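Asker: Numbering (our numbering), first residue to last: 656 to 1239.
Ideal Cβ positions, reconstructed from N, Cα and C, are used throughout, including at glycine.
What you are looking at is a predicted structure, and each value in this text was computed from that prediction instead of being measured.
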């Protein structure tokens, strides 16, 4: 094992290396901006002999560089020089730099929009990257707008990219949207859709609206060429149960990519004045059947509060309107937390942990869908999805009887029933059903598995968040061996840490990559050793060798594990109590 001095020196070098890499990326992004500004200045300073009435020697406004860059588009008879010229003069605002906004922004920048604005207040997270392709691992923890702007400038430095690092609210929407010709709604919640629609109606801006969830997507153009607005079709918001987000229901990464690309296409058609828009029609995409359908939607409603003959919406009313209350859902992506039960029918995750420690006879029912249950679950839980709970009550009764007999309790009423789900919403609905069916002792676990992972057992699903990357770490045993003892290999700690190969791919390809874990870091040395260094602040500091080999691309084989972990500072107690497991 390396000495502490060697490890400290290596850590310092790796930290400096990562800092230099970050500085390099920032400098490259700044260079792109300056080059674009310089090119614009030089273009404006060309002698008048090169142009005539704002046109080049070619008889139009496109420069030789533009002709070369956009040549494949210019060759299209339906697009041509006029379409490109119109596009270069246009300004488009994309609201949301996520799954829909990512491909839309990339293609709008690449195709040559004159001015491209982007609005988003969120930061990049690891679980965004499978669908939000404009962002990279290097931007995890940083602003989505910052990341998206850098990507767009790197593709096309001639496009003016405008960053709005804020959430779109009634207080700023009119000012921001008024600066653009076309608006692309790439958000994922009902309040934002109504807010953006109303703002576009007030300002007379065409709106390209898209949505993607699961394996389906849809797209329409509103408030354009006499067509309907969003409120014409949906004067009242759908129930909150129908307004699901990707974080709750899931989405296949390519689905928002398809819809986002089509949003870019519709925006380009509007800006370049070519083709037939989707105004008055809606595109429906089904990924599983690879089917795209176009359906006609009803026209503008004379009764619409926003754009109808007797519309009541004014700018003042817009700025005072409560869209969250109107839709009964939040503007932010924060998960909905229901309160359907009285406190005596609920139990915290810590209280349930005491039930386990005390050995109290009970049955734990997990009401998540079976494919969710297979990802992670609590030991000895019974998986009965909420949708099938009523029909499977005999199964629950049988389990209660079995627990009663094994614990020799007088009757099954002495056996507790606890219900868990992901966040504590479906579990409340399940408890309501159980109470109606006579299982009056049933209680739900507040906050579900997320609360359990956060407050009780960090080993359930630990997500370590940092500036550069996240890792899923599952700890199967947490015994600690003091470093002062000399122990044979067979007696070393049995602590297994599994890494997601998709997460580690780039890190291993680079060989030396740091992951900041609060005060500590995780490094991979050329020797193949993984070092988790929490700087001796009373936390774990280990070295380990890989349990599986690396391929030529620096990727882990499917089930990599670290083994033979030995602390190199004096630690005691359970590893889950250390900041390594708290760095969320």
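(1) Given a cut-off of 9 Å, decide if residue 1109 and residue 1000 are closer than it, judged by their beta-carbon atoms.
(2) With distances taken between CB atoms, is the gap from residue 1037 to residue 1094 smaller than 9 Å?
(3) How should residue 950 be labelled, buried or exposed, when 16 other C-beta atoms within 10 angstroms of its C-beta is the threshold for buried?
(4) Report the three-state DSSP secondary structure of residue 671 (helix, strand or coil).
(5) For residue 750 versus residue 775, is the C-beta spacing smaller than 9 Å?
(6) Alpha carbon to alpha carbon, how far is residue 1065 from residue 782? Give it in angstroms, no decimals.
(7) Compare the C-beta of residue 929 with all C-beta atoms of chain C and state if any pair is closer than 9 Å.
(8) With H, G and I counted as helix, E and B as strand and the rest as coil, what does DSSP make of residue 756?
(9) Only counting the same chain, and skipping five residues up and downstream in sequence, which positions put a Cβ closer than 7 Å to that of residue 674?
(10) Tell me the DSSP secondary structure of residue 873 in three-state form.
(11) Run the CB neighbour count on residue 664, radius 10 Å, all protein chains shown included, and call it buried at 16 or more, exposed below.
(12) Could you give the C-beta distance for residue 887 and residue 959, rounded to a whole number, given that I count them as a contact under 8 Å?
(13) Here's a check: name, in chain order, each residue in its chain whose Cβ is nearer than 7 Å to the Cβ of residue 964, leaving out the five neighbours to either side.
(14) Taking DSSP as the reference, what is the three-state secondary structure of residue 1075?
(15) Residues in the same chain with beta-carbon distance under 7 Å from residue 729, minus the five sequence neighbours each way, listed in chain order, please.
(16) Name, in chain order, the residues that DSSP records as bridge partners for residue 814.
(17) Beta-carbon within less than 6 Å of residue 866's beta-carbon, same chain only, minus the 5 sequence neighbours each way: which residues are those?
(18) Which residue from 1004, 1023 and 1059 puts its Cα closest to that of residue 1015?
(19) The alpha helix (DSSP H) that contains residue 845, what's its start and end?
(20) Buried or exposed: residue 671, going by 16 or more other Cβ atoms within 10 Å of its Cβ?
(21) Where do the ends of the alpha helix (DSSP H) carrying residue 965 lie?
(22) Between the alpha carbons of residue 1103 and residue 906, how many angstroms are there, rounded?
(23) From residue 1199 to residue 667, what distance separates their C-alpha atoms?
(24) When DSSP labels each residue in this structure, what does residue 981 get in the three-state scheme?
(25) So, is residue 742 buried or exposed, given that buried needs 16 or more other C-beta atoms within 10 angstroms?
Answerer: Let me lay it out:
(1) Within the chain shown, the letter at position 345 stands for residue 1000. Within the chain shown, the letter at position 454 stands for residue 1109. No, the Cβ-Cβ distance between residue 1000 and residue 1109 is not below 9 Å.
(2) Here residue 1037 refers to the residue found at position 382 when the chain shown is read from its first residue. Here residue 1094 refers to the residue found at position 439 when the chain shown is read from its first residue. No.
(3) Stepping through the chain shown from its first residue, residue 950 is reached at position 295. In this structure residue 950 is exposed. Its beta-carbon is surrounded by fewer than 16 other beta-carbon atoms within 10 angstroms.
(4) The residue given as residue 671 occupies position 16 in the chain shown. The answer is helix: DSSP assigns residue 671 an H, G or I state.
(5) Position 95 of the chain shown, counted from the first residue, corresponds to residue 750. Position 120 of the chain shown, counted from the first residue, corresponds to residue 775. Yes, Cβ-Cβ distance for residue 750 and residue 775 is below 9 Å.
(6) Residue mapping note: residue 782 aligns to position 127 of the chain shown, counting from 1. Residue mapping note: residue 1065 aligns to position 410 of the chain shown, counting from 1. Their Cα atoms are separated by approximately 49 Å.
(7) Of the protein chains in this structure there is only one, and it is not chain C.
(8) Numbered from 1 along the chain shown, position 101 holds the residue referred to as residue 756. In the three-state reduction of the DSSP assignment, residue 756 falls in the helix class, which pools H, G and I.
(9) In the chain shown, the residue the question calls residue 674 occupies position 19. Residues of the same chain with their beta carbon placed closer than 7 Å to that of residue 674 are lacking, with the five preceding and five following residues left out of the count.
(10) In the chain shown, the residue the question calls residue 873 occupies position 218. The answer is strand: DSSP assigns residue 873 an E or B state.
(11) Stepping through the chain shown from its first residue, residue 664 is reached at position 9. The residue is exposed, with fewer than 16 neighbouring Cβ atoms inside 10 Å.
(12) Here residue 887 refers to the residue found at position 232 when the chain shown is read from its first residue. Here residue 959 refers to the residue found at position 304 when the chain shown is read from its first residue. Right, their Cβ atoms sit about 5 Å apart.
(13) Walking along the chain shown from the start, residue 964 turns up at place 309. Same-chain partners within the cutoff: 957.
(14) If you number the chain shown from 1, residue 1075 lands on position 420. Under the three-state reduction of DSSP output, residue 1075 falls in the strand class.
(15) Within the chain shown, residue 729 is the residue found at index 74, counting from 1. Result list for residue 729: 722, 735, 736 and 739, in chain order.
(16) Locating residue 814 in the chain shown gives position 159, where the first residue counts as 1. None, per the DSSP bridge assignment.
(17) If you number the chain shown from 1, residue 866 lands on position 211. In chain order, 873 place their CB closer than 6 Å to the CB of residue 866, counting only its own chain and leaving out the 5 sequence neighbours on each side.
(18) In the chain shown, residue 1015 corresponds to position 360, counting from 1. Out of 1004, 1023 and 1059, 1059 has the C-alpha closest to the C-alpha of residue 1015.
(19) For the purposes of this step, residue 845 is taken as the residue at position 190 of the chain shown. Segment 845 to 858, the alpha helix (DSSP H) holding residue 845.
(20) Numbered from 1 along the chain shown, position 16 holds the residue referred to as residue 671. Per the 10 Å Cβ criterion, exposed.
(21) Within the chain shown, numbered from 1, the residue matching residue 965 stands at position 310. Per DSSP, residue 965 belongs to no alpha helix (DSSP H) and is neither H nor E.
(22) Here residue 1103 refers to the residue found at position 448 of the chain shown. Here residue 906 refers to the residue found at position 251 of the chain shown. Roughly 22 Å between the two C-alpha positions.
(23) Position 544 of the chain shown holds residue 1199. Position 12 of the chain shown holds residue 667. Unreliable positioning characterises residue 1199 in this predicted model, as indicated by a pLDDT of 31, which lies under 50. The coordinate reading is nonetheless provided below. Looking at the backbone, the Cα of residue 1199 and that of residue 667 are separated by about 19 Å.
(24) Taking the chain shown and counting its residues from 1, the one referred to as residue 981 is at position 326. Reduced to three states, the DSSP call for residue 981 is helix.
(25) Here residue 742 is taken as the residue at index 87 of the chain shown, counted from 1. Residue 742 is buried by the Cβ-count criterion.
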